[in-house]
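Enquirer: Got a structure for you, questions after.
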Amino acid sequence: MPQSKILVDTNSYLRLAQTIRPLLFMPFGDNEYCLYILPELNDELANRRLNSKFPWVDEEEYIENRKSFPTVGRKQKRVILTNFDFIWDFVQTELSGPSRVDALYIAYALELGVPVVTDDQDMTELAKEFEVPVMPTLKLLKVMHESNHADLKKVKGIVEYWRAIGDCPANLHRDLKKFFPEL
Amino acid sequence: MNQTAVAESLDVTKEAVSQWLNAKSFPRPNKLLKLAKLLQLSFEELVINDEPNAPLIAFRKKAGTKTKDHHIGKAQEIGRFLRHLVPYLPFETLEMPPVLKSPNRDYEYLRQVTSKVRCDIHLGEIETVDFDHLIRRFTELQAVVVPALWGTKQRHENAIHIHLPDSQTTWVYLNLDTNIHDFKFWMAHELGHCLSPSLSGDDAEDFADDFAGALLFPSALAEKAYTEINQQRTSAAKIQKVIELADEQTISPYTVLGQTNKYAAYKGFSDIELSRSFHGAVTNFNKRFHNLSDALLGDIQKLDAREFINKTENAFETPFFELLRKYLKEQNKGPGYVQVVMDMPLLDARSIHSELT
């Protein structure tokens, strides 16, 4: 069965990777879901100057797990760059908020026909504007839970960790009620 | 391909396509992209990108770098994001700050202009220009200083000056990872830009450079320096004198020598020529000083976002973080906005975002 690829944005990666290990490139469930990042995410994590809540991103285990990316052909790459030009122009003129890498995620997802996981409200709006399926991190956790990839205890631990470090997704309360009413 | 076929392919009405082609309406972005794919056109081929109020950019480049279109394009992207902060500016928006009528590089003109600026910032003719003086003038000129940590090597520029014509606002990005003397020169250089918004390109850069030199080491000091340096008998003693004068003013020895020779040229005197060992002496001189980021922020790796904001906010009296705080909260913006507008790595942007919201 072919993989069902899902792109995970940087914020979502940071919220999950330390608890669900390895987060990326690890198929799960009957649908063979597999989470990917873009190579540009590694650039995003590099060169930080200030003290960070996520120092673990520099550990070998995580660096190694972030070395696999969705494969795209030359023609697809060209289409992705065209997509990006239109998406980034829209950000520049109408929807300030998403970064270049955020826009690139939408450009990839559009060409590859895969969903993007993000909790960023502007990125969600951007994805919807270009008809790219998008889901919050808690929805992804729901998919993982239904695929026996993350039990309720783990999900609860993740949410508690977000609250503890003050890094909660937008709409946490609403999404928890929707996807995990039992928590 | 006719309009009906286009409409069918894009799943819109024929009237919608007609309105697009007659410039009565503009397609939603998803339809625009689909249209481009249908017609096999790139963004540049399909869309007339007419932007009358495009952000105006000036760079303080690093030595040996060349400004390319992508450098300007990236700075303009930042400028477009900055527009959203304008409504939160604490400045009086009804009046324009005073600027120079016809800025030029004539020696006597620059002497007069910098003398007036010194007077405006309550500084004597030969008193040392301090960071505080420059910062105060930025505020009076309604320019917003944005502190940046761009490292010592990675970047093409060490300062960016962004002017938004539609709001007549000015934003000055200054890289703190830099030698204290260079930083002071850039601040003075950026002040030159703020005073001469009518100039652009190389004219703007050249004027800002000359303005900075004349402000930091004015004609009266250059006149005295010319005599004192020439009184030294050996080349080594001349170099030592230049270094001493630079030390007195906390500016680069290159500025001292450059301004002294400009004075000499104006008076028709011969240049002061120093031996090659001058460059080595400047390097040793610079080693005595920390980068501004080290001096101001200490060990940055241990610095959290709150300390970074507090320290730079105090040092530069900048309203930038307060604007950002209000905008992020009111508009519910994420770290992506901070990342673009501060041109910083995402993890740092997340830390700043988390602190401000």
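Quick mapping for you: the protein sequence lines, in order, are chains A and B. Count along the first sequence from 1, add 353, and you get the number used in my numbering. Count along the second sequence from 1, add 164, and you get the number used in my numbering. Cβ atoms here follow ideal geometry from the backbone N, Cα and C, with glycine treated the same way. Just so you know, these numbers come straight off a predicted model, no measurement behind them.
1) To the nearest angstrom, report how far apart E385(A) and K506(A) are at their CA atoms.
2) Which same chain residues end up closer than 6 Å to S515(B) when comparing Cβ atoms and leaving out the 5 residues on each side of it in sequence?
3) Have a look at M537(A) and T177(B) and give me their C-alpha separation to the nearest angstrom.
4) Go through its chain and collect everything with a Cβ distance to F484(B)'s Cβ below 6 Å, but skip five positions before and after it.
5) Quick check on the DSSP output: what are the complete beta strand (DSSP E) runs of length 3 or more inside the segment 306-356 of chain B, in order along the chain?
6) List the residues that DSSP assigns as beta-bridge partners of Y389(A).
7) Using the rule of at least 16 other Cβ atoms within 10 Å of the residue's Cβ for burial, across every protein chain shown, is S383(B) buried or exposed?
8) Could you tell me if R431(A) is buried or exposed, where buried requires 16 or more neighbouring beta carbons within 10 angstroms of its beta carbon?
9) According to the neighbour-count rule (16 or more other Cβ atoms, all chains shown, within 10 Å of its Cβ), is H325(B) buried or exposed?
10) Would you report the Cα separation of A171(B) and W441(A), rounded to the nearest angstrom?
11) If you measure from the beta carbon of M488(A) to each beta carbon in chain B, is any gap under 8 Å?
12) For P468(A), which residues from the same chain have a beta carbon less than 8 Å from its beta carbon, with the 5 sequence-adjacent residues on both sides left out?
13) Can you check whether the C-beta of K466(B) is within less than 8 Å of a C-beta belonging to chain A?
14) Quick check on DSSP: helix, strand or coil for A222(B)?
15) Does the beta carbon of V504(B) sit closer than 8 Å to a beta carbon anywhere in chain A?
16) Please classify C283(B): is it buried, with 16 or more other beta-carbons within 10 angstroms of its beta-carbon, or exposed?
17) Going by CA-CA distance only, name the one from N418(A), E413(A), L434(A) that's closest to C387(A).
18) Please name the residue or residues paired with V487(A) in a DSSP beta bridge.
19) Can you check DSSP and say which residues form a bridge with N455(B)?
20) Examine chain B for any beta-carbon lying closer than 8 Å to the beta-carbon of G382(A), and answer yes or no.
21) As a quick exercise: from V496(A), W409(A), W515(A), R401(A), pick the residue whose alpha carbon is nearest that of F533(A).
22) Beta-carbon of F532(A) versus every beta-carbon of chain B: anything under 8 Å?
23) Looking at chain A, which residues of the segment 425-437 of chain B have a Cβ within less than 7 Å of any of its Cβ atoms?
24) Given a threshold of 16 other Cβ atoms within 10 Å of its Cβ, counted over all protein chains shown, does G228(B) qualify as buried or as exposed?
25) Inspect the CB distances between the segment 344-351 of chain B and the segment 290-301 of chain B and report whether three or more fall short of 8 Å.
26) Apart from the five residues just before and just after H357(B), which ones in its own chain have a Cβ nearer than 7 Å to its Cβ?
27) Can you find a CB in chain A that lies within less than 8 Å of the CB of H327(B)?
28) According to DSSP, simplified to helix, strand and coil, what is F480(B)?
29) Within its chain, find whatever has a CB closer than 7 Å to the CB of M260(B); leave out the 5 residues flanking it on each side and keep chain order.
30) Which first and last residues belong to the alpha helix (DSSP H) in which L434(A) is found?
31) When the Cα of N343(B) is compared with those of L253(B), Q306(B), F480(B), I415(B), which residue comes out closest?
32) Is it the case that the Cβ atoms of I433(A) and V425(A) are separated by a distance below 8 Å?
33) In three-state terms, what does DSSP make of F381(A)?
34) Nearest to D396(A) by alpha carbon, out of P509(B), Y337(B), W314(B)?
35) Starting from N166(B), follow the alpha helix (DSSP H) in both directions and report where the run begins and ends.
36) Do you know whose CA, among E387(B), K490(B), F453(B), lies nearest A131(B)'s CA?
Expert: Quick answer:
1) In a straight line, the C-alpha of E385(A) is about 23 Å away from that of K506(A).
2) A469.
3) Chain A is shown only over 354 to 536; residue 537(A) falls outside these bounds and no answer can be derived.
4) Taking C-beta separations shorter than 6 Å and ignoring five residues to either side along the sequence, the partners of F484(B) in its chain run V308, V310, following chain order.
5) Runs found: 307-312, 321-328, 333-339.
6) Note: Y389(A) sits in a beta bridge opposite L360(A).
7) Flag for S383(B) reads buried.
8) So R431(A) ends up on the exposed side.
9) Per the 10 Å Cβ criterion, buried.
10) In this structure, the alpha-carbon of A171(B) lies about 25 Å from that of W441(A).
11) No, no contact with chain B.
12) I359, L360, A462, V485, P486, V487, M488.
13) So yes, K466(B) belongs to the interface.
14) A222(B): strand per DSSP, three-state reduction.
15) Output row for V504(B): interface = yes.
16) Burial call: exposed.
17) For C387(A), the closest of N418(A), E413(A), L434(A) by C-alpha to C-alpha distance is N418(A).
18) Under the DSSP definition of a beta bridge, V487(A) partners with V469(A).
19) N455(B) pairs with N343(B).
20) For G382(A), the answer is no, since every Cβ of chain B falls outside 8 Å of its Cβ.
21) It is V496(A) whose Cα lies nearest to the Cα of F533(A).
22) Taking Cβ atoms only, chain B never reaches closer than 8 Å to F532(A), which makes this a no.
23) Within the segment 425-437 of chain B, no residue qualifies.
24) Result: exposed.
25) Note that the segment 344-351 of chain B touches the segment 290-301 of chain B; at least 3 beta-carbon pairs, one per stretch, sit closer than 8 Å.
26) Same-chain partners within the cutoff: A222, H325, A368, A372.
27) Chain A contact via Cβ: absent.
28) In the structure shown, F480(B) sits in a helix (DSSP, three-state: H, G or I).
29) Annotation for M260(B): Q332 place their beta carbon closer than 7 Å to its own, counting only its chain and skipping 5 residues before and after.
30) From DSSP, the alpha helix (DSSP H) with L434(A) extends over 427-446.
31) When each option's Cα is compared against that of N343(B), the closest is I415(B).
32) Contact flag set, yes.
33) In the three-state DSSP reduction, F381(A) falls in the strand class (E or B).
34) Of the candidates P509(B), Y337(B), W314(B), P509(B) places its Cα closest to the Cα of D396(A).
35) Note, N166(B): premise wrong, no alpha helix (DSSP H); not H, not E.
36) Since the displayed chain B opens at 165 and closes at 521, residue 131(B) lies outside it and no answer follows.
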